[in-house]
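Trainee: What follows is a single structure, and I will ask about it in a moment.
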Amino acid sequence: MSTAERALKVAIHRLRKRYRALFLREIRETVADPAEVDSEIRFLFLVLKGGK
């Protein structure tokens, strides 16, 4: 694997990690109870898939 390929993989990994952190932060700000975060994410994905 070339240096450029490794660098790209590292950059993608970091981007996904950062996106996940930002996504979770936004969800936490929309729910009243932190225990609702997981169910809110499941509901969001259900809606995005065309359910409900």
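In this note's numbering, the protein residues as written are 28 to 79. By construction, the Cβ of each residue, glycine as well, lies at the ideal position given by its N, Cα and C atoms.
Tell me the rounded alpha-carbon separation between P61 and M28.
Mentor: 42 Å
Trainee: In the DSSP assignment, find the unbroken alpha helix (DSSP H) run with E56 in it and report its ends.
Mentor: Bounds of the alpha helix (DSSP H) holding E56 are 30 to 57.
Trainee: Is DSSP giving I65 helix, strand or coil here?
Mentor: Just to set this straight, residue 65 is Asp in the shown sequence, not Ile. If DSSP states are grouped into helix, strand and coil, D65 belongs with the helices.
Trainee: From L75 to E56, what does the alpha carbon distance come to, in whole angstroms?
Mentor: 20 Å
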